[in-house]
Amino acid sequence: SQQGEEDPQALSIQEGENATMNCSYKTSINNLQWYRQNSGRGLVHLILIRSNEREKHSGRLRVTLDTSKKSSSLLITASRAADTASYFCATHTGNQFYFGTGTSLTVIP
Amino acid sequence: GAVVSQHPSWVICKSGTSVKIECRSLDFQATTMFWYRQFPKQSLMLMATSNEGSKATYEQGVEKDKFLINHASLTLSTLTVTSAHPEDSSFYICSARGGGLNYEQYFGPGTRLTVT
Chain A
5 SQQGEEDPQA LSIQEGENAT MNCSYKTSIN NLQWYRQNSG RGLVHLILIR SNEREKHSGR
65 LRVTLDTSKK SSSLLITASR AADTASYFCA THTGNQFYFG TGTSLTVIP
Chain B
74 GAVVSQHPSW VICKSGTSVK IECRSLDFQA TTMFWYRQFP KQSLMLMATS NEGSKATYEQ
134 GVEKDKFLIN HASLTLSTLT VTSAHPEDSS FYICSARGGG LNYEQYFGPG TRLTVT
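Protein sequence lines correspond, in order, to chains A and B. The first sequence begins at 5 in the working numbering and counts up by one. The second sequence begins at 74 in the working numbering and counts up by one.
Structure follows, in structure tokens:
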């Protein structure tokens, strides 16, 4: 399977803490993207990082990419209860687009 | 920003019937559309990739005769689940991508299918 893997599968933190999620993938990629999904809803695109980039920031989000290790991480700083959701990485290779297994984040107010 | 819609947002059908789900790109031309299936508390699994005007490419294990995909125009793709079974009950999500170097995909809100 081309599907990437994320860890942890579930993460529970207190509001204000930082949350870090990791994604590992198997093949070379054009880019890697992170998405958020609230329960039973569609996906919201968070950030895209290209294969020649190592780090990218967007607001409270920080994404890193290590192509030598085929891994990426998503850091959410100063978490809020509204950040509670599932987070998925997705790798783009050619015309293929595969999602990771996801991390379920719960931020406790 | 780019908007992708899906219709219906939810549908209940009886076993053995067929159901069609539409995916539309509202403000851009989608050269490629993707169909995903998501079971509860699981990730999205790519079912097939379709390019406008050509046959869809199905992922391994996805029955092309059961999940019919048509991408007849640059703004519309349809997924028809034929002879539906209860195990086809799932959340189906489409995404659309424009041409050129814009790799970003835009996702529809999903369609909840329940087969009774």
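Even for Gly, the Cβ is constructed at its ideal location relative to N, Cα and C.
N- and C-terminal bounds of the beta strand (DSSP E) containing residue 99/B: Per DSSP, residue 99/B belongs to no beta strand (DSSP E) and is neither H nor E.
Positions along the stretch 114-127 of chain B whose CB lies within less than 9 Å of some CB in chain A: 114, 115, 116, 117, 118, 119, 122 and 124
Residue 109/B to residue 24/A, Cα distance in whole Å? 26 Å
Hey, is residue 181/B's beta-carbon within less than 8 Å of any beta-carbon in chain A? yes
DSSP three-state assignment for residue 209/B, whether helix, strand or coil: Outside the displayed span of chain B (74 to 189) sits residue 209/B, for which this structure offers no information.
Taking only beta carbons into account, state which residues of the stretch 79-95 of chain A come closer than 9 Å to chain B, listed in chain order. 90, 92 and 94
Compare the C-alpha of residue 53/A against each of 44/A, 41/A, 81/A and 34/A and name the closest. Nearest of 44/A, 41/A, 81/A and 34/A to residue 53/A, Cα basis: 34/A.
As assigned by DSSP and simplified to three states, the class of residue 121/B: In this structure, residue 121/B counts as strand in the three-state DSSP scheme.
Residue 162/B versus 79/B, 92/B and 77/B, residue with shortest Cα-Cα distance: 92/B
Since residue 128/B contacts residue 156/B with CB under 8 Å, what's their CB separation in whole angstroms? So it is not a contact: roughly 20 Å between Cβ atoms.
Would you say residue 20/A faces chain B, with C-beta separation under 8 Å as the test? no
Does the contact criterion of 3 or more C-beta pairs under 8 Å hold for the stretch 65-84 of chain A versus the stretch 9-27 of chain A? The answer is yes - the stretch 9-27 of chain A touches the stretch 65-84 of chain A, with three or more Cβ pairs under 8 Å.
In angstroms with no decimal places, state the Cα-to-Cα distance between residue 10/A and residue 103/A. The C-alpha of residue 10/A lies about 10 Å from the C-alpha of residue 103/A.
When 21/A, 100/A and 92/A are compared against residue 67/A, the one with the closest alpha-carbon: 92/A
For residue 88/B, tell me which candidate among 101/B, 82/B and 159/B has the shortest Cα-Cα distance. 159/B
Identify, in the order they occur along the chain, each residue of the same chain with its Cβ nearer than 7 Å to the Cβ of residue 188/B, setting aside the five sequence neighbours on each side. 86, 88, 157, 158, 159, 161 and 162
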